[in-house]
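Chemist: Counting in the UniProt record's numbering, the sequence shown runs from 1 upward without gaps.
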Amino acid sequence: MSRSAASRANRRGEPPPSPEPLPAPAVDSHTHLDIVLSGFRSDEPVDDDAVDAEIAAAAAVGVPRLVQVGVDVPSSRWSAGLAARHGNVLAAVAVHPNEAGAGAATDDALAEIDRLAALPRVRAVGETGLDRYRTGPEGWAAQEASFRAHVRIAKDRGVALVVHDRDAHEEILRVLDDEGAPEHTVFHCFSGDAAFARACVERGHVLSFAGTLTFGNAGYLREAAALTPLDQLLVETDSPFLTPVPHRGRPNASRLVPHTVRALAEVTGVEVAQLCDALTRNAERVFGSW
Numbered sequence: 001m002s003r004s005a006a007s008r009a010n011r012r013g014e015p016p017p018s019p020e021p022l023p024a025p026a027v028d029s030h031t032h033l034d035i036v037l038s039g040f041r042s043d044e045p046v047d048d049d050a051v052d053a054e055i056a057a058a059a060a061v062g063v064p065r066l067v068q069v070g071v072d073v074p075s076s077r078w079s080a081g082l083a084a085r086h087g088n089v090l091a092a093v094a095v096h097p098n099e100a101g102a103g104a105a106t107d108d109a110l111a112e113i114d115r116l117a118a119l120p121r122v123r124a125v126g127e128t129g130l131d132r133y134r135t136g137p138e139g140w141a142a143q144e145a146s147f148r149a150h151v152r153i154a155k156d157r158g159v160a161l162v163v164h165d166r167d168a169h170e171e172i173l174r175v176l177d178d179e180g181a182p183e184h185t186v187f188h189c190f191s192g193d194a195a196f197a198r199a200c201v202e203r204g205h206v207l208s209f210a211g212t213l214t215f216g217n218a219g220y221l222r223e224a225a226a227l228t229p230l231d232q233l234l235v236e237t238d239s240p241f242l243t244p245v246p247h248r249g250r251p252n253a254s255r256l257v258p259h260t261v262r263a264l265a266e267v268t269g270v271e272v273a274q275l276c277d278a279l280t281r282n283a284e285r286v287f288g289s290w
């Protein structure tokens, strides 16, 4: 979610208690620790001790490694800085499509994203893409231009691309097909149905499932996950958003990944420890070693 959208979110208190630890390590492939710990306020400083405590809480339940994701230039700089100082964290950098639709993807901003993408512990460009839900038609051209620029940066820098796709499935594939997708392209918080999942899988893209997989009305997501090959799956929180059942409605956190992993194991029929091993291998293939 974009920083501007986050600033409109309600403050709902602390994340819920940690679940039972996983039997093997897994990776949260998409989190926003800065938003988690700033109370959704972009102008609120983030305390390093609080960040370390949140990372430790995730590690305690079998989620020792995270990908921290930027949504604008300041949060991308923060993400890169956190990854540089913390061995459990890698970074992704970008101007979010909603920010781009509002005019934030300037030449200077994109140049800074390109600079950050060259740093050794920045392993992805994202989240970038298209959002037809929060941005109206007047911002769509700017979104697409930004998305295309981010695709090129990812390919030039040899890093993964993390795609935000909201109500724009066919347009996303059109741009990726036109530009030529990077070797590793991740559909963050996959939101399509089985047919769209097949189209992505056939192109070699990776589908990352969030807490939405656990929602009662998300049968279409479970169908999509069930048909996705094991080596094209990731899990994520998108924290503090998209909190899984049984804590839907409260803030999300990386320590809640086990809920989504167990839901994914049930959907795919893969034993939890085996699934964790596959998810970790996939994350290392996409983002490199931590």
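Beta carbons are placed, not taken as given, at the ideal position from N, Cα and C, and that holds for glycine.
Given that a residue counts as buried once 16 or more other Cβ atoms are within 10 Å of its Cβ, and exposed if not, what is Asn10?
Modeler: With a pLDDT of only 36 at Asn10, under the threshold of 50, the placement of this residue in the model should not be trusted, and no figure is reported.
Chemist: In angstroms with no decimal places, state the Cα-to-Cα distance between Pro25 and Ser289.
Modeler: 14 Å
Chemist: What ranges does the beta strand (DSSP E) occupy inside the segment 204-250, keeping only unbroken runs of at least 3 residues that lie completely in it?
Modeler: 206-209 and 233-235
Chemist: Would you mind sorting Gly204 into buried or exposed? The rule is 16 or more other CB atoms within 10 Å of its CB.
Modeler: exposed
Chemist: What's the C-alpha gap between Ala50 and Ala60?
Modeler: 15 Å
Chemist: Find out if the Cβ-Cβ distance for the pair Ser208, Val245 is shorter than 8 Å.
Modeler: Using a Cβ distance threshold of 8 Å, Ser208 and Val245 do not count as a contacting pair.
Chemist: Is the number of C-beta pairs between the segment 263-282 and the segment 148-168 that are closer than 8 Å three or more?
Modeler: no
Chemist: Spatial neighbours of His247 within its chain, please: CB distance less than 6 Å, with the 5 preceding and 5 following residues excluded, ordered by chain position.
Modeler: Pro16
Chemist: Starting from the Cα of Gln143, find the closest Cα among Tyr133, Asp156, Ala105 and Asp167 and give me that residue.
Modeler: When each option's Cα is compared against that of Gln143, the closest is Ala105.
Chemist: Just checking, does the segment 61-70 make contact with the segment 25-38 on the three C-beta pairs under 8 Å criterion?
Modeler: yes
Chemist: Are the CB atoms of Asp34 and Ser76 within a distance shorter than 8 Å?
Modeler: Ser76 is not a Cβ neighbour of Asp34, given a cutoff of 8 Å.
Chemist: Quick one: is Val272 near chain C, going by C-beta distance under 8 Å?
Modeler: This model lacks chain C altogether; it includes just one protein chain.
Chemist: Does the segment 83-94 come within contact of the segment 118-133, defined as at least 3 CB pairs closer than 8 Å?
Modeler: Flag = yes, the segment 83-94 and the segment 118-133 touch.
Chemist: Do you know offhand how far Pro251's Cα is from Ser239's?
Modeler: Spanning the two alpha carbons is a distance of roughly 7 Å.
Chemist: Kindly indicate the opening and closing residues of the alpha helix (DSSP H) around His86.
Modeler: Where His86 is concerned, there is no enclosing alpha helix (DSSP H), given that its DSSP letter is neither H nor E.
Chemist: How big is the Cα-Cα spacing for Asp231 and Gly192?
Modeler: 18 Å
Chemist: Per the DSSP calculation, Arg166 is bridged to which residue(s)?
Modeler: Asp131
Chemist: For Phe187, write down the residues that DSSP places opposite it in a beta bridge.
Modeler: Val163 and Leu207
Chemist: Should Tyr220 and Ala194 be called a contact, given that it needs their Cβ atoms to be closer than 8 Å?
Modeler: yes
Chemist: What residue range does the beta strand (DSSP E) around Arg65 cover?
Modeler: Arg65 to Val69
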